[in-house]
Each structure stands twice: as C-alpha cells, then as structure tokens.
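The next block holds one structure in the form of structure tokens; read it before the comments.
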Amino acid sequence: MSGERTQSVVKRIIRQVGLECAAQGQSLSETLVAFMVKAVVLDPRNDFNMDRILTENDTQDLIQLCVTRLLDTTNPSLSTIKMQVYFDMNYANRDELLSEQERVLEGKLAPVVRAITEAGPRVQEDTENVYQKIVTYVLLRSGLGPPTDIEAVREVTAALQSVFPQTEMATFISLSKKDKEQQLKDLAMLVSGIRLYNRQCQKGGSSIDDLPDILNEAIPSATQTLDERLNSCQLLAHRYTALLESMQEDPHRHPQLSSLKLKEALFNVRQYEAFLCILQSNAITSGQEVESLNVQFEAAMMVLKNTVENKTSIEFKEVFPLFMELSKLWTGFQDEMLLLSFLTNMANHLQQFLEIQSQLFPEEMLTSLLEGVTVKNDEERIKEAMGTKVNVSDFKNQEWLFPETTDYFDQLLIQYHGFCAHSIGVKGITLPGNPAIGILKHEEKYYVFSSKEAAYLFAQDPDKFIQLNIEKAKKYAELIQLLELHHQFEYLVPHAQARNASKGSLKPPKRDSGTQTDTHILPPTIVRSYEWNEWELRRKAIKLANLRRKLTHAMQTDLSHMRRENFTQVYLPKDAGTQTKRDNSSNVPKPQIFLKGLRGGPSPTTHMVTVDLTRPLDET
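Structure follows, in structure tokens:
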C-alpha cells in the first residue's frame, strides 16, 4: 500500500472501530484503538498483507477483528496493552513531573501576577489593593495553608510587612515587569522562610502541615506496598512459567488448559512487574531525597536559630539568605509529597490491569494444576546456572563479555529487557537471563541467556533466533514494549504518541552519540628553527658571519672540484577541512475534522456525524 493511502485507510478504520466500541458501551482512547488496529494487521495469523491495498471486505474484517479483541474482557493480552498505553500516557519521571507542576502553578498564578505587575496605582486605595494581592500571591505561591484560612493570611501579612512594608510600594511600582516578577518570587520565599522559623519556635504556622513527619511515615508504607505487590506478581510469573515448562515437556499434561491464555497471562504479570520496578525505584529515590532534606533542613534551622537568637536587630543581608534557604528546602519536601502521591496513584491504577488473573486462573485452580510441578523463582534459576560459563574458544567469530573482564559490565544495555534471548522465540516464555554465563555481543547489541545450552544454540545462528523473537512479537503485540523492540516496529507507534514528543515508552528510543579523533596521534616533530624562505636564511647567515668585519676565504680540493651546489625545500602539511550540509523539509496537511450534532436535536437521542475534510497528502 502507498504511504498516503495507508494512512488514510488506517485513520478511517480507527474512527470506525472507536465508534463501534462506543456503541457497545466501551469508550476507548484513540491511542489504544490505533495500537490495536496495527497490532491486528501485524499478526500473521490474521493474514493481512501490508504490501497490497486493502479491499472493502478486508477493511470490514479488520474492523470486526479489532472490535472483537477490544471488547473481549477475558483477554490478558488486551489488559497488557491497556496497561502499556496507560503507563505510556501518564507516567513521567521526576524532572518532567516537577517541571509540569511548576508550569501549572505559574498558570494559576498568572492572573494574580498580571494584576500586580501591570497595575499603576495613583491613589492610596489602589496601593492597598495591590498590597493585598501581593499577600494573596505569597500565600498561593508558598502553598503553606489555604488562602481562606484567616490565621494564615494574618501570618503572611505580618511576615510580609516585616520585610516589605507598604511604604516601599512606590519603589516596587517603578520597577520593570520582569523585576517585579522576580521580586515577588523572592518575597514569597522570604515570607515562607519566616513562617517556617516561627513555626519551629511555636509562634505560628498552625496551618502548615508537618511534611517531614508525613513523608517519613508515608514513603516506607508506599515502598512496603509496592514490595508486596511486586512479590505477588513475581510469584504468579514463576507459577505460570513452571506450568508452561511442564506443558512443553508433556503436551498432554493439562489438556484443559490453554497455553495461549497462559502465555498472555505470563506476559501480563511480567509487564506489571516491570512497571512496578520503575515505581519502586522512584520511591526509593524519594526516600533517599527526603533523608537528605531532613538533614539539610535541621542544619539550616540550627544556623538560623544561632544567628537570630538573643538579638534585637540584625542585618538583612545576614538573615535573608537563611530564610530563603529554609524555603527552598521546604519546597523540596512539597515536591516529594507530589511525587509520592503520583507514584501511589500510578500503582493503584495499574492494579486494575491485573484483576483478570484471578478471573482466569483462581488460586484453587493454580494449586491443583501445580501438583507435582516444581516452581522455581528467578533467583533459583540464576543460582542453578552459576559456575557455568561459555567457553570462548568454542566460538571463533563471536565476542563474549564477562563481569571480571569487562569494564562497566553492569551498565551494558541488554536486549529483550534482560530476558533470555533464546527462550522467547523458541519456547514463547520469558526466562530471566544470567549475565554471569556470558553476554553475547552481536552487531553492537548484547544478549543474555538462562543457561549455557541456550547460549550455545543462540550463538550458532543469532540472526535466526532474533527473527524468531520478532515473529513472536508479531503474534503477541504486548511483547513489543515488554521486550523493548521499538526499533523493529517503528511504524507501530500510535498517533497520539507520535504527536507527544515528551512521552516515549511506546516510541523507538533515541540516543545522541559522537566520535572524535586526535589531531596529532604521534608526538609533534616540528622544527621551530626551520625556515623555508631563502632570503630569511641569507639574512640569518649574514648576521652570523658579520661579513662587514670578516674576510671571506675560499679553497677548493680535488674532491670538491667541479661540484655544484644542491638545494632542497619542503613545505609542512597544511590543515584542511570540509563541511557539507543538506536542508530538507516536509509539509503535511492540517487535520480538519468537524463534528455535527454535538448540540443535540429535537429527538432524545443524539446523532453525531464526523466529517473529515483533511486534504490528502498528494494535494499538498
């Protein structure tokens, strides 16, 4: 199919699938529908050829398949894809989350800031109104108490008057807008530091929450909850893996059990485990950050007490930086509260995507199926393979890496999320890889294995097994993200993800790299006394000989008779450089989609019509 026609057909199919799912009571995001449409096309079992134009019958079959999969609530694969889409659309790292929170706060404070900085009061009443707005801004900016709390407003007003009395309003009004905004931020930090100090001295701050104590209790509790959920899903993964291995050894062992559903359930818990590990790592980082903030805050408070205590007056240059330091540290506590709330909400929302496990495989059913089956956890599997290493001499054209001989061994980017590269395509299960056996470097990529035998089989023909893993991912679309195969399926990125450059767990990862060569590899051999100019050489010779005071003598021998003078001249290599540049540009039509019927009509049922007036790419 041509690129333009393919995109047009895919968009129409996505809209149709979304409408049919909505008609059946399932409101699904465009991202999820788009991913499912392309996953169904990718699955070779559905027999869709991407090299030919889809007929109308093919389109209807594709729509029906997508609707059926999206409405199948007993499908673990659908739950996994929903989990991946949810995590991709909602998760943000520390820096992204804090910068977004700062942007939202600036947006909320923008009307107040604009009213303060653009005001030019001429009478006393206007000056008092602006001053009250500054009090409101300081209270909202600090986040230390609600603006409706009368006691908090009084504390902010008193603290503000101590550092910025109303008599200085004339000077403030004469400043530029940029300087006004900066002074407002400084005043907010100063007032926050004063209120925190007064709270420590029990002279106010009743509306300020004790964030350090709250965090010291909440972070261990959140970490424990994540550990319990992580252990629970790991236990399920170990059980499913043991069942799948027993079924592969004896296909008639559990005829009533569907290996397809069991594999999808295994991928579901493995993906849930990967996301929980990310959240757990963030929680541990937050705990370490809170410990550091506690130490710094206590030290800053102690310095401030020693500076202010038993003094009737003090220079503002000496105490203002201490108040601002207190405010900065307290902002760190507020940031950790925001991060902890975000991590908790993410963990709670991810829990819903695991509920299908108890429906398909209840505890009683799993217990009966596991009778006589040995369940090994990941640590036990790794211990079994300890002491066995790949013999490098068995492979002449392969490069193997080991912990004791490789620098930064733990920082290598392992393929397939650290799972065994052999078991995925051959057995269809995710076994943890053991790097101690040896890491195979093939085409600048690194692969680990669960056993020495698997490593030997994979190393005999790596390209064959890599292709098997890709084919497996085509059948189970959730493996694309679980095994980090985005570079193999770049065209499977949903439309919403492609538009949002800040979120990319479903997008192919990007990395900047650079190389540099030494200008002079060998030690320099430049002779500084060398002169290429013959006249310069003569000038030096005359200077040395001083012919004006010396006599010139000449003689000739038999050996030098009839000889002529010889001269040679060389030029040092010059530095040269080249540079090329190519400018490319592309243009795509602006989407123009109109919805008719949003306001309703005389009938009780709303009929909405979607009209797509987007120009095709070949007309732009």
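Numbers 8 to 627, taken from my numbering, label the letters of the sequence shown in order.
Cβ coordinates follow ideal geometry from the N, Cα and C atoms, glycine included.
What you are looking at is a predicted structure, and each value in this text was computed from that prediction instead of being measured.
Run of the beta strand (DSSP E) containing residue i, from where it starts to where it stops
i      : result
Tyr619 : It should be pointed out that residue 619 corresponds to Asp in this sequence rather than to Tyr. That run of the beta strand (DSSP E) goes 616 to 619.
Ile533 : Per DSSP, Ile533 belongs to no beta strand (DSSP E) and is neither H nor E.
Phe601 : 600 to 603
Glu406 : 406 to 408
Lys452 : 452 to 454
Proximity below 8 Å, CB of residue i to CB of residue j
i      : j      : result
Ser334 : Gly200 : yes
Ile389 : Pro439 : yes
Leu373 : Arg246 : yes
Val198 : Ala166 : yes
Leu629 : Leu273 : Examination of residue 629 is not possible in this model, given that the chain is present from 8 through 627 alone.
Ile465 : Leu447 : Per the sequence shown, the amino acid found at residue 465 is Phe instead of Ile. Yes, these two residues count as a Cβ contact at 8 Å.
Gly150 : Gln303 : no
Leu116 : Leu78  : no
Leu367 : Thr81  : yes
Leu620 : Val595 : no
Pro154 : Thr143 : yes
Asn476 : Ser457 : no
Met344 : Leu222 : yes
His449 : Leu490 : no
Val48  : Val24  : no
Val120 : Glu188 : yes
Leu3   : Ala225 : Because the chain is modelled from 8 through 627, residue 3 falls outside the range shown and cannot be assessed.
Tyr415 : Leu311 : no
Glu162 : Arg110 : no
Ala484 : Ile21  : no
Leu233 : Ala290 : yes
Inter-residue spacing [alpha-carbon to alpha-carbon] between residue i and residue j
i      : j      : result
Leu420 : Ala281 : 16 Å
Asn540 : Thr585 : 29 Å
Glu235 : Ala480 : 30 Å
Glu27  : Val74  : 7 Å
Asp133 : Met96  : 46 Å
Phe7   : His493 : Examination of residue 7 is not possible in this model, given that the chain is present from 8 through 627 alone.
Ile123 : Thr178 : 14 Å
Pro227 : Ser239 : 18 Å
Met90  : Lys45  : 17 Å
Lys270 : Ile431 : 11 Å
Thr613 : Thr292 : 50 Å
Gln173 : Gln139 : 10 Å
Ser106 : Glu305 : 26 Å
Ala29  : Ile60  : 28 Å
Ile180 : Trp337 : 30 Å
Leu357 : Arg76  : 20 Å
Asp216 : Val160 : 16 Å
Leu112 : Val92  : 27 Å
Enclosing alpha helix (DSSP H) for residue i [first to last residue]
i      : result
Trp542 : 541 to 552
Lys471 : 469 to 482
Glu103 : 101 to 124
Leu447 : Element bounds for Leu447: not the alpha helix (DSSP H) but the beta strand (DSSP E), 446 to 449.
Lys312 : 266 to 315
Phe42  : 37 to 49
Ala225 : 218 to 256
Pro83  : 83 to 97
Cys73  : 63 to 78
Glu371 : 370 to 376
Val326 : 323 to 358
Tyr204 : 184 to 207
Buried or exposed by the 16-neighbour rule on C-beta atoms within 10 Å, applied to residue i
i      : result
His429 : buried
Leu267 : exposed
Thr617 : exposed
Glu391 : exposed
Pro531 : exposed
Pro258 : exposed
Ala307 : buried
Glu32  : For the sequence presented, residue 32 should be read as Gly rather than Glu. With fewer than 16 other Cβ atoms within 10 Å, it is exposed.
Gly379 : exposed
Gln67  : exposed
Glu63  : exposed
Leu605 : exposed
Leu551 : exposed
Ser213 : exposed
Ile436 : buried
Ala244 : buried
Pro598 : exposed
Rounded distance between the beta-carbons of residue j and residue i, thought under 8 Å
i      : j      : result
Leu6   : Ile141 : Coverage of the chain is limited to positions 8 through 627, which leaves residue 6 absent and any answer about it impossible.
Met393 : Ala462 : In fact, because the Cβ distance is near 14 Å, the residues do not count as touching under 8 Å.
Lys459 : Val397 : 6 Å
Gln287 : Leu237 : 6 Å
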